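Q: For reference, the structure I am asking about is given below.
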Ligand code: THU
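Residue numbers (the working numbering): 201 to 329.
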């Protein structure tokens, strides 16, 4: 069921710009209309300007006017599956809400979390009232 989305994430990973960490990440974000937006991590010599694969996928979708999402896949070659970093969790919560995150590594290990598990007690627009 997640096969196509994972496949898209693996394909995106091939484009990772990870000269500094050597850690290539691929992501594939599925919109509720079925469209898939992919991303890879993009690093920079200043290090701090690095953008994660998840955020590249989200920025691509948002900049195309897409606002409703179903799930995201994240893939790496790490020994254990890779969960999204803290800043990506905040961005995923903001724009995607409580979607499932499907993570897979090259050994075929797979984990699925929902965003409320990865970012409990999240700060969001409800806290601005
Ligand atoms: N990275 C991602 O792209 N997504 C994650 O979920 C974890 C980390 C990237 C950032 C950096 O380019 C490299 O992986 C090592 O941290």
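Don't be surprised by glycine CBs; every beta carbon is placed ideally from N, CA and C. Computed from a predicted model, the values in this text were never measured in an experiment.
For residue 326, count neighbouring Cβ atoms within 10 angstroms of its own Cβ and tell me buried if that reaches 16, exposed if not.
A: The residue is exposed, with fewer than 16 neighbouring Cβ atoms inside 10 Å.
Q: Does DSSP classify residue 311 as helix, strand or coil?
A: Residue 311 falls in the strand class under three-state DSSP.
Q: Mapping DSSP to helix, strand and coil, what is residue 243?
A: Note: residue 243 maps to coil in three-state DSSP.
Q: Per DSSP, residue 276 is paired with what?
A: 305.
Q: What residue ranges within the region 208-269 form continuous alpha helix (DSSP H) runs of no fewer than 4 residues, ordered along the chain?
A: DSSP runs (the alpha helix (DSSP H)) wholly in the region 208-269: 253-263.
Q: Rounded to whole angstroms, what is the Cα-Cα separation between residue 269 and residue 204?
A: Between residue 269 and residue 204, the C-alpha separation is close to 16 Å.
Q: Does any heavy atom of the ligand THU sit closer than 8 Å to the C-beta of residue 227?
A: The answer is yes for residue 227.
Q: According to DSSP, is residue 287 part of a helix, a strand, or is it coil?
A: Note: residue 287 maps to helix in three-state DSSP.
Q: Out of curiosity, what's the CA-to-CA distance linking residue 292 and residue 214?
A: Roughly 23 Å separates the two Cα atoms.
Q: With a cut-off of 8 Å on the beta carbons, I'd call residue 252 and residue 216 a contact; round off their distance for me.
A: With 8 Å as the limit, residue 252 and residue 216 do not qualify as a contact, their Cβ atoms being about 10 Å apart.
Q: Can you check whether the CB of residue 227 is closer than 9 Å to the CB of residue 275?
A: Yes, the Cβ-Cβ distance between residue 275 and residue 227 is below 9 Å.
Q: In terms of DSSP beta bridges, what is residue 271 paired with?
A: Note: residue 271 sits in a beta bridge opposite 230.
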